[in-house]
Every structure is written in C-alpha cells, then in structure tokens.
Amino acid sequence: MSLIDVLSVLAATIRLATPLILATMGGLFSERAGVIALGLEGMMLAAAFAAACIAAVTGSVWLALAAAMGISMLLSLLHGFASVTQRGDQVVSGMALNILVAGLTPSLGLAWFHQGGQTPALEPGQRFMPIALPGADSLAGVPVVGPVWNHLIGGHNLIVYLAMLLLPLSAWLLYRTSFGLRVRAVGENPHAVDAAGLSVARLRYVALALSGILVGLAGADLSIAEGAGFGRDMTAGRGYVALAALIFGKWRPGPAFAACLMFAFCDALQVRLQGVALPIVGVVPVQFVEALPYVLTVLLLAGFVGTARAPRAIGVPFVKTR
Amino acid sequence: MQRDLPVLVDYVLIPALNLALAFVVGAVVLGLIGVSPLDALATLFQGAFGSLDGLGYTLYYATTFIFTGLAVAIPYQAGLFNIGGEGQAMLGGLGVTLVCQAMGGYPLWLVLPLAILAAMVGGAAWAAVPAVLQVKRGSHLVITTIMFNFLAGAVMTYLLIDMLRAPGDPSPETAAFPPSTALPFAHEWAAHLGLAMEESPLNLSFLVALVAAFLTWLFIRRSLLGYEIRATGHNPSAASYAAIPVGRVTVLAVCLGGACAGLVGINEVMGVLHRLVLGFTAGAGIVGIAVALMGRNHPFGIVLAAILFGALYQGGAELAFDYPQVTRDIIVVMDGLVILFCGALENMLRVPVTRAWQRWRTVPA
C-alpha cells in the first residue's frame with residue numbers, strides 16, 4: 000500500500016466515523032440519563048430525510064440543519080414521553096420509532112417529490128461542502144505534509160469537524176459540569192436525585208433533547224453533507240452500530256469515540272480489501288468484515304473483552320417513592 | 000389477584016382503543032400523502048377480504064406473522080424481549096432448504112416433519128447463543144438479538160453468494176427444490192374439492208401455524224414447564240426460591256421462540272418460493288413484535304392480530320396498486336404506529352380508562 004492508499008483509507012475512516020460519533024454521543028447522553036437509546040436509527044433516518052427535504056425546497060443548508068436537529072429532537076422527546084411520562088417499555092418505544100420512520104420517510108418522500116421515495120439531488124450550494132484549510136494550495140506540492148494537510152486533516156465538511164470537537168465537549172459536559180453530574184446520577188440512582196430535590200423527569204427530558212440534537216447532526220451529515228439527497232433506508236443500520244459503539248465504549252465518551260473510529264476503519268478497509276488476498280488468511284469475505292462490529296459487541300457483552308456495566312437505572316421507569 | 004379492570008376491558012377495549020388511535024394517526028399520514036383515508040380503508044378492506052384470493056393472501060401473510068408473533072410471545076412469558084425473530088427465521092429457512100434439497104423424491108408426509116424439525120432447530124440454534132449469554136453472562140438479550148439479526152444477514156449473504164447459489168445464477172438464491180417437496184396450495188385443494196379459487200400463496204403452513212399457536216397455549220398454560228416459564232417471568236427470585244431452574248427455563252423459552260421464528264421458513268421457503276432466496280424474511284420478524292404486542296402475548300390473541308396484520312399487508316398491496324402515490328411502506332408506518340400505541344404508549348389510555356371504570360362502578364346505578 001502506498002502513502003496515498005493509506006491516506007485515503009484514513010480519510011474514509013474519518014468520513015464514515017462522523018455519523019457514528021454523532022449518534023453515539025447522542026446515545027451516550029440518553030443512556031447515561033437512564034433511557035435506552037434504541038431509537039437512534041429512526042431518529043437519524045428522520046433527520047436525514049428532513050434535512051434533504053428542507054435543503055431541496057429552500058436551498059438553505061442552515062435551515063436544513065435546523066430541521067434535522069428539530070425533527071430528531073421531537074422524536075427523542077416522543078421516546079421520552081413514552082418512557083419517562085407514560086413509563087412504557089423503552090425497548091418497544093425505540094423499536095416503534097425505528098419502524099415508523101423506516102415506513103414514513105419513503106412514503107412522504109414519494110408523495111412530495113415523486114422520485115421513488117428519494118429526495119431531489121442537491122446542488123453544491125444546498126449542502127455542506129468539503130472545506131479547504133488555509134495554506135492548502137501552497138502545501139499541495141510538498142510530499143507527505145501536503146496530502147496529509149489537504150486530504151486527511153483538511154478537505155472534510157463542517158459536520159466532520161463538529162463531530163471531532165464533540166469528544167472533548169461531551170467529556171467536559173458529562174464529567175466537569177453539574178449538569179453532567181446530574182445526568183450521570185439520574186442514570187445510576189434516580190431516587191437520590193429525587194431526594195436532592197431535582198426533577199428526574201426534567202433531567203431525562205433535557206438529556207433526551209440533547210441526544211436528539213446530536214443524532215440530528217448525524218442524519219444531516221448523511222443527506223446534506225456526505226451525501227447529496229435522501230435515499231431510502233440511507234442510515235443502513237448505522238444507528239445500531241452506534242449503539243454497539245456506545246456499549247463497546249462502556250458508556251464513556253473517550254472509549255466510545257475510539258470504538259466509532261475502529262468500526263469506521265473496518266468499514267473503510269473492507270471497501271479496499273474486496274477480493275484482495277491477504278497473507279495467511281487469503282481472501283476474507285466482505286460479509287465477515289461487515290459483521291465485525293456486531294461480533295465484537297456480542298463478545299464484549301459476553302464479558303470476553305473486558306466488562307461492560309450499563310448505567311444502573313437504565314430502562315427502569317422512575318416511580319417516586321415516599 | 001384482584002383485578003382493576005374486567006378482562007373484557009383489559010384485553011379487548013384498551014387494545015381496540017389503542018389500535019383506533021394508531022389508525023387515526025395513520026389516516027393523518029394518508030392525508031399528508033394526498034389519499035382520502037376513508038377511500039383507502041375501503042380499498043384495504045376490499046383487498047384483504049373482498050375476494051377468495053385476497054383472503055388467501057391475507058391468511059398467507061398471517062401464517063408468517065403467527066410464527067414471528069409467537070417468537071416474541073414465548074420469551075416474553077419468561078420476562079425477556081426477543082427482537083431476533085428476523086435472524087432466527089433466516090436460519091430456519093436454511094434448515095428447511097437443507098432438508099428439501101436432500102429429500103427430493105420422498106413422500107411429503109416424511110419430508111414435512113423433518114423440514115419442520117430442521118426449521119425449528121435452525122431458529123432455536125440462532126436464539127440459543129444470545130439466550131445462554133443472557134443467562135450465563137448477563138448480556139442484554141435485546142442488544143444481542145439485534146446484533147444476531149445483522150450477523151444472520153451476513154451469514155446468509157455469504158452462504159447464498161459463495162456456497163449455495165445455483166451454478167450460473169446471477170441472483171443470490173438456490174436452485175429450485177425438487178417439486179415433490181412443495182407444500183400443497185389452498186387453491187389446489189379447493190380444485191380437488193371442485194371449488195374454483197384463484198391462485199394465492201396460501202398453503203398447508205397456515206394449518207401448521209394454527210397448530211403451533213394451539214400447542215404454545217397448551218404448553219404455556221397447561222404444562223409444568225410452561226408454568227415454570229411464567230413463574231420465572233413474573234418473579235425470577237421467587238421462582239428460583241421455588242426450586243425452578245431459572246437459567247435453564249429462560250434459555251428454553253428463548254429457544255422455543257427462536258424455533259417458532261424458524262418455522263417462517265416452512266411457509267415462505269417450502270410453501271411458496273420453493274427455493275432459498277436472500278432476504279425472504281422481508282421484515283417479518285419486526286412485524287412479529289407488533290403482532291405480539293397487539294395480541295397481548297397470548298397465542299389466540301396473536302392469531303387474531305396476525306390475521307389483522309395479514310389483512311393490512313394484503314390490503315396495503317391493493318392500496319399501492321390503486322394509488323400511484325402510495326407504496327407498501329405505508330404498511331410499515333402502520334406497524335410502527337401499532338407498536339407505538341399498543342406497546343410503548345399502552346399506559347396512556349389505561350390510566351384514564353381504569354379511573355373511569357372505577358368511578359362508574361362506585362356510582363350506584
């Protein structure tokens with residue numbers, strides 16, 4: 000593999016990791032607050048659809064981004080209404096979101112745009128384009144440094160950089176602010192939070208709203224930044240991979256971020272490795288590389304790769320005691 | 000146990016109200032798409048029940064949904080949620096395929112029981128790993144079964160592209176099975192009896208599904224093991240104190256669920272397709288969740304709910320045929336709405352209905 004090959008795999012890793020990171024961090028706040036984030040897939044898909052629709056109709060990326068975050072937040076709050084206020088089953092509620100959105104987006108897309116459930120292809124001005132970093136032109140001729148600066152560090156869209164910023168941001172929010180402390184407490188022991196005079200429901204709703212905003216960014220990345228329009232089922236299981244990354248990262252920002260990068264790297268490598276014979280193992284079937292995140296997560300959950308302990312109160316509706 | 004609500008209100012009125020809510024929201028979606036909801040309902044009903052072949056399609060879909068509904072309901076009795084019906088059904092189809100390919104020329108009365116056994120073993124095997132991990136290592140069954148759905152998809156893609164594909168066939172499917180292994184269609188039986196019935200995919204599997212539902216009821220409600228499963232679901236520590244082997248009972252319940260999901264292969268692969276096709280499950284495992292929730296995890300409720308969803312699928316196909324702006328995705332919307340209102344938001348109406356009932360009871364008539 001030449002330097003260019005390595006660089007292109009790494010750059011692809013960053014691009015593929017972006018929606019995963021955003022969705023995983025969204026899921027992090029939900030699950031640390033004690034609400035199972037099984038609806039990530041549906042929220043992301045709805046956000047991708049909303050962003051593509053608004054971008055196609057108004058031509059404004061910013062309105063489209065707002066729509067993506069808004070719709071995803073609404074769905075997250077609906078999940079909250081079912082699981083916090085109505086004390087319903089959170090797994091059922093999350094699955095309901097995923098299935099509902101999977102049907103709703105192509106139905107509405109077909110009715111509104113008459114393109115078989117897709118949204119119209121977006122022009123460059125209607126989506127987030129790759130950003131050239133300063134000095135890109137002058138460094139272009141320099142070996143090693145030039146390609147690294149232009150294609151690995153630079154040359155990504157705005158949402159990619161937001162996703163990278165999210166690691167320090169969410170770690171700070173979760174571990175260094177009183178809000179973060181409360182979110183963690185409400186996911187571990189809501190009764191203690193309640194006894195301290197804070198509203199469990201309110202905290203969980205706020206965490207879910209934040210979760211919705213982040214997952215909305217993930218959806219927007221797919222349809223108005225990385226892609227140029229909405230296609231049926233365009234999240235293709237990424238919401239579940241994000242959930243896997245969250246578990247694989249043991250519900251902590253740093254390891255979860257690393258898990259996203261690892262899963263994305265596998266994905267990027269798999270495209271490269273199709274039909275290529277490796278030393279010792281020979282040609283690895285594509286499906287095995289694709290299945291890797293799921294296998295690793297199951298192994299982790301089984302306790303064969305360290306132990307994963309979920310937030311203690313996750314999935315348990317809070318009932319105030321007297 | 001004192002009931003807050005009479006059975007009729009609890010098991011009929013509240014699900015009916017929740018279903019009505021789901022339909023109201025579904026009507027709003029249809030309105031957004033530009034279809035009159037009442038016209039759509041008429042088309043749907045006419046398509047599902049208005050003709051013999053429409054009814055045949057409805058019951059054919061219902062057959063698959065009975066299996067996947069039971070796949071959710073049996074583990075639910077042990078207090079666990081099995082989302083893995085989709086993957087378990089795929090592996091069941093694989094079992095059916097192996098039997099049908101090997102047993103060409105043998106009489107059907109010999110092939111069918113073996114195929115049923117293979118389907119159940121395939122589905123149960125795919126459920127066994129998550130079940131054992133749940134019991135031994137405490138891995139959350141919901142997450143592991145979701146992962147196993149994706150793994151099943153990967154395994155089936157690999158097998159169908161690299162191992163089982165018919166030579167020279169570009170699409171990922173096996174060669175057709177020997178004709179002697181095909182299950183009889185309902186219209187073939189009707190013809191024997193001198194009745195004219197248009198072709199539909201309804202086949203012998205429907206009876207298999209009804210028997211499976213009845214046996215499930217018998218097992219859960221009338222057998223010692225079924226009692227142990229229910230006791231485990233209600234209160235694992237009490238069950239354990241009563242010397243019930245909670246771990247073994249849990250694994251059994253999840254594997255039986257997987258076995259039921261595997262039976263989808265009998266209806267789809269052996270009954271209709273007569274070959275193994277990639278993606279033959281087509282989301283049936285997901286519909287099973289809605290069916291089980293709608294049927295309140297009771298085998299007879301599941302049969303009724305499966306017929307309702309079968310009607311939705313068949314009627315939805317008619318709807319998509321009649322209206323160019325509607326596709327079968329609208330049925331997926333209904334699945335989601337039913338799961339939302341009958342499952343996640345189930346308590347929303349329960350509280351006011353209970354309150355209204357109690358007020359009505361205490362006021363002397």
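Residue numbers (numbering that gives the first Met the number 0), protein chains in the order written: chain F, 0 to 321; chain V, 0 to 364. By construction, the Cβ of each residue, glycine as well, lies at the ideal position given by its N, Cα and C atoms. Note that the structure is predicted; figures quoted are calculated from it, not measured.
For histidine 190(F) and arginine 201(F), the rounded distance between their alpha carbons = As a working note, residue 201(F) is residue 202 in the first sequence. As a working note, residue 190(F) is residue 191 in the first sequence. One C-alpha to the other measures close to 14 Å.
Using a beta-carbon distance below 8 Å, is leucine 339(V) in contact with chain F?
-> Looking up residue 339(V) in the second sequence gives position 340. Taking Cβ atoms only, chain F reaches closer than 8 Å to leucine 339(V), which makes this a yes.
Using 8 Å as the limit for Cβ to Cβ distance, is tyrosine 239(F) near chain V?
-> The count along the first sequence starts at 1 and reaches residue 239(F) at position 240. Yes, tyrosine 239(F) lies at the interface with chain V (some Cβ there is under 8 Å from its Cβ).
List the residues of chain F whose Cβ lies closer than 9 Å to the Cβ of glycine 25(V), in chain order.
-> To locate residue 25(V), count along the second sequence from 1; it is residue 26. The contacting residues do not exist; glycine 25(V) stays about 10 Å from chain F at best.
Identify which residue in Phe64(V), Leu7(V) and Leu20(V) has its Cα closest to the Cα of isoleucine 288(V).
-> Working through the second sequence from its first residue, we reach residue 288(V) at position 289. For isoleucine 288(V), the nearest C-alpha among the options comes from Phe64(V).
Could you tell me which of Pro183(V), Ala126(V), Tyr240(V) and Val248(V) sits nearest to isoleucine 265(V), measuring between CA atoms?
-> If you number the second sequence from 1, residue 265(V) lands on position 266. Selected option, being the one with the closest Cα: Pro183(V).
Does any residue of chain F bring its CB to less than 8 Å from the CB of valine 207(V)?
-> Position 208 of the second sequence, counted from the first residue, corresponds to residue 207(V). No, because no Cβ of chain F sits closer than 8 Å to the Cβ of valine 207(V).
Backbone secondary structure at alanine 237(V) - three-state DSSP = For the purposes of this step, residue 237(V) is taken as residue 238 along the second sequence, with counting starting at 1. Alanine 237(V) falls in the helix class under three-state DSSP.
Check the Cβ-Cβ distances between aspartate 161(V) and every residue of chain F, and say whether any is below 8 Å.
-> Numbered from its first residue, the second sequence carries residue 161(V) at position 162. So, interface residue.
Taking buried to mean at least 16 other C-beta atoms within 10 Å of its own C-beta, is phenylalanine 213(V) buried or exposed?
-> Numbered from 1 along the second sequence, position 214 holds the residue referred to as residue 213(V). Counting Cβ neighbours within 10 Å, phenylalanine 213(V) comes out exposed, since fewer than 16 surround it.
Tell me the DSSP bridge mates of alanine 276(F)?
-> Residue mapping note: residue 276(F) aligns to position 277 of the first sequence, counting from 1. Beta-bridge pairing links alanine 276(F) to Val282(F).
Report yes if the CB atom of valine 8(F) is closer than 8 Å to the CB atom of leucine 268(F), and no otherwise.
-> Residue 8(F) sits at position 9 when you count from the first residue of the first sequence. Residue 268(F) sits at position 269 when you count from the first residue of the first sequence. In contact: valine 8(F) and leucine 268(F) (Cβ atoms closer than 8 Å).
So the alpha helix (DSSP H) arginine 327(V) belongs to, where does it begin and stop?
-> Here residue 327(V) corresponds to residue number 328 of the second sequence, with the count starting at 1. Per DSSP, arginine 327(V) belongs to no alpha helix (DSSP H) and is neither H nor E.
Going by CA-CA distance only, name the one from Met119(V), Ser236(V), Gly55(V) and Asn234(V) that's closest to phenylalanine 66(V).
-> Position 67 of the second sequence, counted from the first residue, corresponds to residue 66(V). That would be Met119(V), whose Cα lies nearest to the Cα of phenylalanine 66(V).
Can you name, in chain order, every residue of its own chain whose Cβ lies under 7 Å from the Cβ of isoleucine 330(V), other than the five neighbours on each side?
-> Position 331 of the second sequence, counted from the start, is the residue given in the question as residue 330(V). Only Leu311, Tyr312 and Gly315 meet the Cβ criterion.
Which chain F residues sit within Cβ distance under 9 Å of phenylalanine 308(V)?
-> Numbered from its first residue, the second sequence carries residue 308(V) at position 309. One finds nothing in chain F with a Cβ atom closer than 9 Å to the Cβ of phenylalanine 308(V); even the nearest lies about 12 Å away.
Check whether valine 60(F) and isoleucine 223(F) have beta carbons under 8 Å apart = Taking the first sequence and counting its residues from 1, the one referred to as residue 60(F) is at position 61. Taking the first sequence and counting its residues from 1, the one referred to as residue 223(F) is at position 224. Closer than 8 Å, so yes.
With distances taken Cα to Cα, identify the nearest neighbour of alanine 305(V) among Phe340(V), Val268(V), Phe205(V) and Asp321(V).
-> Position 306 of the second sequence, counting from 1, holds the residue named residue 305(V). Of the listed residues, the one whose Cα sits closest to alanine 305(V) is Phe205(V).
Does isoleucine 246(F) get closer than 8 Å to chain V when you measure Cβ to Cβ?
-> Sequence index remark: in the first sequence, residue 246(F) carries index 247 (1-based). At least one chain V Cβ lies under 8 Å of isoleucine 246(F).
Whole-number beta carbon distance between phenylalanine 147(V) and proline 129(V), since they are thought to touch under 8 Å | Taking the second sequence and counting its residues from 1, one reaches residue 129(V) at position 130. Taking the second sequence and counting its residues from 1, one reaches residue 147(V) at position 148. Indeed they touch by this definition, with Cβ atoms about 6 Å apart.
Using alpha carbons as the reference points, say which of Phe287(F), Lys319(F), Leu272(F) and Ala255(F) lies closest to threonine 23(F).
-> Position 24 of the first sequence, counted from the first residue, corresponds to residue 23(F). The residue with the shortest Cα to Cα distance from threonine 23(F) is Ala255(F).
What span of residues does the alpha helix (DSSP H) with glutamate 187(V) cover, start to end?
-> In the second sequence, residue 187(V) corresponds to position 188, counting from 1. Run containing glutamate 187(V): 185–191, per the alpha helix (DSSP H) assignment.
C-beta atoms of leucine 97(V) and alanine 123(V) nearer than 8 Å | Locating residue 97(V) in the second sequence gives position 98, counting from the first residue. Locating residue 123(V) in the second sequence gives position 124, counting from the first residue. The answer is no: Cβ separation not under 8 Å.
Flag this pair as yes or no: are the beta carbons of isoleucine 301(V) and alanine 77(V) separated by less than 8 Å?
-> Here residue 301(V) is taken as the residue at index 302 of the second sequence, counted from 1. Here residue 77(V) is taken as the residue at index 78 of the second sequence, counted from 1. Contact flag unset, no.
Cβ-Cβ separation, glycine 257(V) to alanine 126(V) (assumed contact under 8 Å), whole Å | Within the second sequence, residue 126(V) is the residue found at index 127, counting from 1. Within the second sequence, residue 257(V) is the residue found at index 258, counting from 1. That belief holds up - the Cβ atoms of alanine 126(V) and glycine 257(V) are roughly 3 Å apart, short of 8 Å.
Under 9 Å between beta-carbons, which chain V residues line up against threonine 176(F)? List them in chain order, please.
-> The residue labelled residue 176(F) in the question sits at position 177 within the first sequence. Result: empty, since nearest Cβ-Cβ is about 29 Å, beyond 9 Å.
Near valine 110(V), which residues of its chain fall below 6 Å by C-beta distance, leaving aside the five closest residues on each side in sequence?
-> The residue you call residue 110(V) lines up with position 111 of the second sequence. Taken in chain order, the residues that qualify are Met102 and Thr180.
Test: tyrosine 105(V) CB closer than 8 Å to a CB of chain F | By 1-based counting over the second sequence, the position of residue 105(V) is 106. Tyrosine 105(V) does not count as touching chain F.
Chain-ordered residues of the region 313–324 of chain V with a beta carbon less than 7 Å from chain F = Gln324
Taking the runs of the alpha helix (DSSP H) that are 4 residues or longer, which of them lie wholly in the region 119–189 of chain V?
-> The region 119–189 of chain V is shown to contain whole alpha helix (DSSP H) runs of 4 or more residues at 140–157, in chain order.
Alpha-carbon to alpha-carbon, leucine 58(V) and alanine 247(F) = In the first sequence, residue 247(F) corresponds to position 248, counting from 1. In the second sequence, residue 58(V) corresponds to position 59, counting from 1. With the sequence shown as reference, residue 247(F) is identified as phenylalanine, and alanine is not the correct amino acid for it. Answer to the nearest angstrom: the Cα atoms are 42 Å apart.
Neighbour-count burial assignment, serine 1(F), 16 or more Cβ in a 10 Å radius | Here residue 1(F) corresponds to residue number 2 of the first sequence, with the count starting at 1. Serine 1(F) comes out exposed.
Valine 337(V) and leucine 69(V): beta carbons closer than 8 Å?
-> Residue 337(V) sits at position 338 when you count from the first residue of the second sequence. Residue 69(V) sits at position 70 when you count from the first residue of the second sequence. No. Outside cutoff.
Near threonine 280(V), which residues of its chain fall below 8 Å by C-beta distance, leaving aside the five closest residues on each side in sequence?
-> Numbered from 1 along the second sequence, position 281 holds the residue referred to as residue 280(V). Same-chain partners within the cutoff: Glu85, Ala88, Met89, Gly92, Val263 and Glu267.
If we cut at 8 Å on Cβ distances, does methionine 0(V) have a partner in chain F?
-> Against the second sequence, residue 0(V) aligns to sequence position 1. At methionine 0(V) the pLDDT is 40, less than 50, meaning the model places this residue with poor confidence and gives no usable figure here.
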